[in-house]
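Chain order of the listed sequences is A and B.
Start counting the first sequence at 1; every next residue gets the next number (my numbering).
Start counting the second sequence at 1001; every next residue gets the next number (my numbering).
Heads up, the thing below is written out as structure tokens.
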Amino acid sequence: MRSRRDPHAFEELFDRYWPALHAFCCARAGEVGEDLAAETFRVAFDKRRRFDTSYEDARPWLYGISVKLLQRHFRDRRRREAVLTRAAALAHRPPDGGADGDLEQQLLGPQLAVALAGLSSDEREALLLWAWGDLQYAEIALALDVPVGTVRSRLHRARRRVRDHLTERNDHDHQ
Amino acid sequence: MITSERDWLVREQPHSVPLDPTATSNAREALRAHIATERRARPRPRRRRLAAAVVPIAAAAAVLVAVLVIGAPSSHVPQPQGAASPTASVAAPAHAPAHAHAQQSVLVRVADHVRAQAQPAGNATLVMRSTSYPGKPAITVADLYTDSGQYFFAQTRDALGAQISAGHNLADGLFGRKVAIATDAATGDVTADAERMASAAAPSHPIPRRITVTPAMLKAAEEKGGTATSTGLFDNWLWGNSQDALIAGSGDPQVRSGVLRLLATLTDVTVTQTTTDGQPTLTLTAGYPAMPQGYQEQLIIGADTGIPVKFLGGNPAKPSVTVTYDVTRVSTGDLEAGH
């Protein structure tokens, strides 16, 4: 990867992957995704010396950065909303682990929200990197920094959940 | 009907924020600014000192090296690596920009002229690339694009031989794809090739020629100080990718001819006859809508050869980056042998 040694050439990395990263981040976070995609490249530039040049494809590395930024974004928003909620003495929010998912699922739309309901955030990340990031299992493992076996089990469950949803929907349509 | 879960997920992927040229350019500019900031904040003195020490030796060696200069301009003298990049700015236009159609005709005429030029000797194109930011010394690096699609990079020309010998080919197919499209465009259907070139980075996500500008897009663009247009996105990508092809294929008259034909399809690019360092040149200027308002890029090419000479980007009155290209044809064998 030339950009590791040549900062100017890092722009080529931007040109190559900006459309895909922009689409991925905006699908996840709406308009804020645009800023997160841009931030991905700034972070990647700062960390470029840590990139393993034996990898031919920079996508897993870039998507991995995007995922971390998205997770931080949703975590921060959840915190802010929790503060506002408490301040306004509004209704009690259920303390379930899917709170960040609530926010994200609003952006995903009703169909995806139903299909992905019940998945852990780890499973959701693996699934969306597979489907929207077009990454293979080994690449997802690189992006999320987990063993391939872990990715396999997360995707097995996530894909089965989506397939169940499609089956249910299909049955419903035929009734 | 049950479809595959992946197909379904892809179909359901929200696309509420379309890719537009303003966002793209803003993000690219932010990255450039970030890179420039890092250069100022965290210089690497050890490497620079080493480079400085190597320069006199390398420069002396470079004088001895037989280099095959591309094309016609006999006055073109290869710059030794590490030498200061030319600082003379582009001379004032010889005449005011003509009508868009006439400008395109100029490019097509040069493209036809270049296409008839003989393939130069050597088996690779060496581009000594000097990048400078305002108030900072230029940084020169060596890019080597072989005719077989390999790409080697080194801080200096002399260091390229070791990279070739070690097989450090850094090509990943992208520049080769752009060069191939440009080659096709030299004689083929330039309209279709323009679409291929605009989408060369991600052919599976083709860039549409026209996008529908929604009120939300307009509002978002205005908040960022720009205006959304229906054609800006396509023109932006065609302009950028064509330049990449021109750099990587600068040693091949067919590639240069194809790029000029592709650029001639961009009606929002102006062409001006100029003089750069005493040589006749053409300055191609891309501004709004291919670029965001207040930002423009200029590509300066040899008037007779189409060989890239210089690139300037930023505020029209004050470029934030200047890149100078010194293009020569070489033999990889000579480089490996230290010649």
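The beta carbon of each residue, even a glycine, is placed where N, CA and C say it ideally should be.
Here the structure is a predicted model, which means the values were calculated and not measured.
- For A1264(B), which three-state DSSP category applies? helix
- Task: Compute the distance between the beta-carbons of S1264(B) and A1118(B), then report whether it is under 8 Å.
- Result: Just to set this straight, residue 1264(B) is Ala in the shown sequence, not Ser. No, Cβ-Cβ distance for A1264(B) and A1118(B) is not below 8 Å.
- Message: Taking 8 Å as the threshold (C-beta atoms), are Y63(A) and L129(A) in contact?
- Response: Going by beta carbons, L129(A) and Y63(A) fall inside the 8 Å limit.
- Task: Keeping to the same chain, check which residues put their C-beta closer than 6 Å to that of L1262(B); ignore five residues upstream and five downstream.
- Result: A1185, A1194, M1197, S1242
- Name, going along the chain, the residues of the stretch 1003-1019 of chain B whose beta-carbon falls closer than 8 Å to a beta-carbon of chain A. For the stretch 1003-1019 of chain B, the beta-carbon criterion of a distance under 8 Å to any beta-carbon of chain A is satisfied by T1003, E1005, R1006, W1008, L1009, V1010, E1012, Q1013, P1014, H1015, S1016, V1017, L1019.
- Item | Pick from T1274(B), G1294(B), A1201(B), W1239(B) that is closest to I1300(B), judged by C-alpha positions | T1274(B)
- Query: Candidates G30(A), P19(A), W132(A), R16(A): which alpha carbon is nearest W1008(B)'s?
  - Reply: W132(A)
- Message: So within the stretch 1233-1302 of chain B, which uninterrupted alpha helix (DSSP H) runs reach at least 4 residues, ignoring any that extend past its ends?
- Response: 1253-1264
- Within the chosen definition, does the stretch 1276-1291 of chain B reach the stretch 1145-1161 of chain B through at least 3 CB pairs nearer than 8 Å? Because the criterion of three Cβ pairs below 8 Å is not met, the stretch 1276-1291 of chain B and the stretch 1145-1161 of chain B do not touch.
- Query: What residues match up with K1318(B) in a beta bridge as DSSP calls it?
  - Reply: N1315(B)
- Message: Can you give me the C-alpha to C-alpha distance between A1091(B) and T1283(B), rounded to a whole angstrom?
- Response: Low local confidence applies: a pLDDT of 32 at A1091(B) is under 50, so the model's placement there is unreliable, with the coordinate-based value given in what follows. If you take the alpha carbons of A1091(B) and T1283(B), they lie about 10 Å apart.
- Item | V114(A) - partner residues in DSSP beta bridges | V114(A) is not bridged to any residue.
- Query: Checking contacts by CB at 8 Å: is H1113(B) closer than that to chain A?
  - Reply: Among the CB atoms of chain A, none fall inside 8 Å of the CB of H1113(B).
- Message: Can you check whether the C-beta of H1339(B) is within less than 8 Å of a C-beta belonging to chain A?
- Response: no
- Query: If you count every other CB in all the chains shown that lies within 10 Å of the CB of K1178(B), and 16 or more means buried, which is it?
  - Reply: buried
- Query: Looking at Q1013(B) and A117(A), is the spacing between their C-beta atoms short of 8 Å?
  - Reply: no
- Which of helix, strand or coil DSSP assigns to P1021(B): helix
- Message: With DSSP as the reference, identify every bridge partner of D1326(B), one or two as the case may be.
- Response: M1128(B)
- Beta-carbon spacing of V1327(B), T1125(B) below 8 Å: yes
- Item | For V1309(B), the three-state DSSP class (helix, strand or coil) | strand
- Query: When DSSP labels each residue in this structure, what does Q1117(B) get in the three-state scheme?
  - Reply: coil
- C-beta atoms of N1315(B) and G1294(B) nearer than 8 Å: G1294(B) is positioned such that its CB atom lies closer than 8 Å to that of N1315(B).
- Query: Can you tell me the Cα-Cα spacing of T1087(B) and P1137(B), whole angstroms?
  - Reply: Note that T1087(B) scores a pLDDT of 30, beneath 50, so its modelled location is shaky; the value from the coordinates is reported in the next line. Roughly 11 Å between the two C-alpha positions.
- Task: Closer than 8 Å, Cβ to Cβ, to anything on chain B: give me those residues from the stretch 20-35 of chain A, in chain order.
- Result: A20, H22, A23, C26, A27, G30, E31, G33, E34
- Taking the beta strand (DSSP E) that A1154(B) falls in, what are its first and last residues? 1151-1154
- According to DSSP, residues forming a beta bridge with L1144(B): Per DSSP, the beta-bridge partners of L1144(B) are L1126(B), F1152(B).
- Query: For the alpha helix (DSSP H) that contains S1165(B), what are its first and last residues?
  - Reply: 1160-1165
- Query: Cβ atoms of L1238(B) and P1021(B): under 8 Å apart, would you say?
  - Reply: no
- Query: Which residue comes first and which comes last in the alpha helix (DSSP H) that contains W130(A)?
  - Reply: 121-131
- Query: Looking at C-alpha atoms only, which residue of E1029(B), T1146(B), G1249(B) is the closest neighbour of G1333(B)?
  - Reply: T1146(B)
- Cut-off 7 Å between Cβ atoms - residues of its own chain near H1034(B), not counting five sequence neighbours on either side: Within the same chain, H1034(B) has no close Cβ partners at all.
- Task: Report the option in H1015(B), S1016(B), A1030(B), R1011(B) whose CA atom is closest to the CA atom of F10(A).
- Result: Nearest Cα to F10(A) within the set H1015(B), S1016(B), A1030(B), R1011(B): A1030(B).
- Message: For chain A, check one thing: does any of its Cβ atoms lie closer than 8 Å to the Cβ of L1031(B)?
- Response: yes
- Task: Please classify I1139(B): does DSSP put it in a helix, a strand, or coil?
- Result: For I1139(B), the secondary structure class from DSSP, reduced to helix, strand or coil, is strand.
- Task: Let me know the secondary structure DSSP gives H1168(B) once reduced to three states.
- Result: coil
- Message: So with CB distances below 8 Å, who are the chain B contacts of A139(A)?
- Response: It is Glu, not Ala, that sits at residue 139(A) in the sequence shown. Those within 8 Å of E139(A) in chain B number zero; the least Cβ separation is about 15 Å.
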